[in-house]
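Notes for the one structure printed next.
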Amino acid sequence: FVGFLVSVPFNSAYTVHSYSKSRCSANSISKLCSKNGNDDRLNSFNSVPSVDNNYANLQCIKRIGALASAALFYSSLSQARADSNSTIPTPIVSTATATSTIDFGELKVPYEHVNLPLKTFLGKKATIVFNMKIDDPQTVLQFPDLLEIFNKYADKGLNVLAFPTEQGWFEPDDDETVRAKAKEQMNFGRYPNAVVFDKVDILGPSANPLYSALTKELATPNGYGRITLNYEKFLLDSTGHPVRRYPRKFSAYDMEPDLLALLNSEPLPAESPAFAKAWREASREALKSEYSFRYNYNYYTAPDSMYKYNPVNDKK
Numbered sequence: 100f101v102g103f104l105v106s107v108p109f110n111s112a113y114t115v116h117s118y119s120k121s122r123c124s125a126n127s128i129s130k131l132c133s134k135n136g137n138d139d140r141l142n143s144f145n146s147v148p149s150v151d152n153n154y155a156n157l158q159c160i161k162r163i164g165a166l167a168s169a170a171l172f173y174s175s176l177s178q179a180r181a182d183s184n185s186t187i188p189t190p191i192v193s194t195a196t197a198t199s200t201i202d203f204g205e206l207k208v209p210y211e212h213v214n215l216p217l218k219t220f221l222g223k224k225a226t227i228v229f230n231m232k233i234d235d236p237q238t239v240l241q242f243p244d245l246l247e248i249f250n251k252y253a254d255k256g257l258n259v260l261a262f263p264t265e266q267g268w269f270e271p272d273d274d275e276t277v278r279a280k281a282k283e284q285m286n287f288g289r290y291p292n293a294v295v296f297d298k299v300d301i302l303g304p305s306a307n308p309l310y311s312a313l314t315k316e317l318a319t320p321n322g323y324g325r326i327t328l329n330y331e332k333f334l335l336d337s338t339g340h341p342v343r344r345y346p347r348k349f350s351a352y353d354m355e356p357d358l359l360a361l362l363n364s365e366p367l368p369a370e371s372p373a374f375a376k377a378w379r380e381a382s383r384e385a386l387k388s389e390y391s392f393r394y395n396y397n398y399y400t401a402p403d404s405m406y407k408y409n410p411v412n413d414k415k
């Protein structure tokens, strides 16, 4: 309705007046305009409009349109920020606490339809974990950097682990095809150090235990617990505990100072201004990107998802 009114040419005053007469409440428009000093401009809706009447009607329509636009924006903002708990956590720093009691190394991850403990794939010093989609435009930017960083530091104890998912815009390929494409197109894949796992859920009640633990342990500086975009990354220490979380467009090269600290058994450096800026940009992208994870839009809470962790598939 508002779109129609706004699209009507301003020189078609009679058309606007007629549409307003048939669809709008004269009393409500009168009240809206009178609050803004337009009483003298608003004439009867039962007569052929004067120039002043047309002007007043158009001004009222513009105000109604602005109010409707604000309401639509607020609704979109609320939906985009919703998570499985329908709340936004209080922003916290992104460094994990040392008091965590989760045994990350024993959490199970699926590879070729068998659940294996995460410790099978952990680097001796550090591990990068990220969620991926082959058809995301960031794939051709993220994978080369991750591969180069892996090749550079693999002999010093770095592993890199990728988790495809159906959540968000779905991943059309099956597990084996995703792995094959990563190897053929990106040259990524060297078991057990550079691995593309089977598809998992990373959000909601069906989320893989690893992702439930990672997102519980480290919220984003934006205040989200859950994953918001493809190619969010976690840096894990030798035991699998997350020590820092990175946004979608923060490259493996940008992570290098943190990697070197872990590889050399040193404390992580302070979060850089570039790190903070990247999270601010990710916060905006989480609201508008077609590759963002938005509850009840492109992902849903599905306790019985086929990608839910199933103990039956644990390695015997």
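Start counting the sequence shown at 100; every next residue gets the next number (this note's numbering).
Ideal placement from N, C-alpha and C gives every residue a C-beta, glycine not left out.
Remember, predicted model here, so these are calculated numbers, not experimental data.
From the options, residue whose alpha carbon lies closest to that of residue i
i      : options                        : result
GLN266 : ASN412, LYS251, GLU389         : GLU389
LEU313 : ARG393, VAL342, ARG289         : VAL342
SER350 : PHE374, ALA360, LEU367, GLU370 : PHE374
VAL424 : LYS207, ALA381, ARG379, ALA293 : Residue 424 lies beyond the stretch modelled for the chain, which goes from 100 to 415, so this question has no answer here.
PHE220 : GLU247, PRO291, ILE227, ALA279 : PRO291
PRO372 : PRO320, LEU361, TYR399         : PRO320
TYR210 : ILE248, ILE233, ARG289         : ARG289
VAL259 : GLU270, TRP268, GLU247, GLY204 : GLU247
ALA360 : SER199, LYS232, LYS255         : LYS255
LYS223 : LEU240, VAL239, ASP235, PHE249 : PHE249
GLU270 : LYS232, GLN241, ASN409, ARG344 : LYS232
MET257 : THR338, LEU317, GLN241         : The question names Met, yet the displayed sequence has Leu at residue 257. When only C-alpha atoms are compared, the closest one is THR338.
THR226 : ILE301, THR200, ASP336         : ASP336
ASP274 : TRP268, PRO263, GLU283         : PRO263
LEU334 : ARG325, LEU317, LYS348         : LEU317
Inter-residue spacing [alpha-carbon to alpha-carbon] between residue i and residue j
i      : j      : result
ALA179 : ALA281 : Any reading at ALA179 needs caution, since the residue's pLDDT is 43, under 50, leaving its predicted position unreliable; the model's value is listed next. Going from the Cα of ALA179 to the Cα of ALA281 covers about 30 Å.
ASP357 : LEU217 : 21 Å
TYR394 : MET354 : 29 Å
TYR396 : LYS387 : 12 Å
ALA261 : ALA253 : 16 Å
PRO190 : ALA377 : Unreliable placement is indicated for PRO190, whose pLDDT of 37 sits below 50; the coordinate value is still reported in the next sentence. Straight-line Cα distance between these residues: approximately 15 Å.
PRO243 : PHE392 : 24 Å
THR327 : SER364 : 30 Å
ASP202 : LYS315 : 13 Å
VAL213 : VAL299 : 12 Å
TYR330 : MET285 : 15 Å
VAL228 : GLN237 : 16 Å
GLY322 : ARG278 : 32 Å
LYS251 : LEU367 : 19 Å
ASN409 : GLY204 : 18 Å
ASP235 : ALA385 : 14 Å
LYS407 : HIS340 : 22 Å
Buried versus exposed call for residue i [16 or more other C-beta atoms within 10 Å across all chains shown]
i      : result
LYS415 : exposed
THR276 : exposed
PRO346 : buried
VAL295 : buried
ASN307 : buried
ARG122 : Caution applies to ARG122, whose pLDDT of 40 falls short of 50 and renders its modelled position unreliable; the model cannot decide the point.
ASN230 : buried
ALA369 : exposed
ASP297 : buried
C-beta neighbour in chain D for residue i, strict 8 Å
i      : result
PRO243 : Protein chain content of the structure displayed is limited to a single chain, and chain D is not contained in it.
message = Give the list of continuous alpha helix (DSSP H) stretches no shorter than 4 residues that lie fully inside the stretch 195-259.
response = 238-252
key: Sequence ranges, alpha helix (DSSP H) only - wholly within the stretch 316-373, length at least 4   = 355-362
ask   = For the stretch 260-302, which segments carrying the beta strand (DSSP E) assignment without a break, of at least 3 residues, lie completely within its bounds, in sequence order?
value = 293-295
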